[in-house]
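Residue numbers (this note's numbering): 214 to 356.
See below for the structure under consideration.
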């Protein structure tokens, strides 16, 4: 412990950076616990599709969707997501998994669905990139 204090005194900038990064990680993980939706891996998504008939909504641009999407996925742009709309309203109690390019864009849309009362909202961690990296198949063209 004495050596740790000595290091901190001799390297104040490194010590401050370490404390800042540690706090940022803690805050991020706490926020993750309370965000209302969960992240799923490609394997978990495959299980949700096969076992629970999850609704997969791809949020990427139409051209990207047509180049390759998860089989059975529906396409919506984030601006088109309407929790009361025809596609989503019937899935309020069912698993809904949002997919984007890297798993970042989908988080905002997931928050929107959680606030609208959806019970089983997930985001594909790593997005379509993680899906293809796992060697899973894609469908081409329009849904």
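A virtual CB, placed ideally from N, CA and C, is assigned to each residue, including glycine.
With 16 other Cβ atoms within 10 Å as the buried cut-off, status of residue i
{"i": "residue 317", "result": "exposed"}
{"i": "residue 240", "result": "exposed"}
{"i": "residue 340", "result": "buried"}
{"i": "residue 270", "result": "buried"}
Assigned secondary structure, residue i (DSSP; H/G/I helix, E/B strand, else coil)
{"i": "residue 308", "result": "strand"}
{"i": "residue 355", "result": "coil"}
{"i": "residue 280", "result": "helix"}
{"i": "residue 269", "result": "strand"}
{"i": "residue 303", "result": "coil"}
According to DSSP, residues forming a beta bridge with residue i
{"i": "residue 337", "result": "253"}
Cβ-Cβ distance between residue i and residue j below 8 Å
{"i": "residue 325", "j": "residue 308", "result": "no"}
{"i": "residue 250", "j": "residue 323", "result": "yes"}
{"i": "residue 300", "j": "residue 287", "result": "yes"}
{"i": "residue 310", "j": "residue 261", "result": "yes"}
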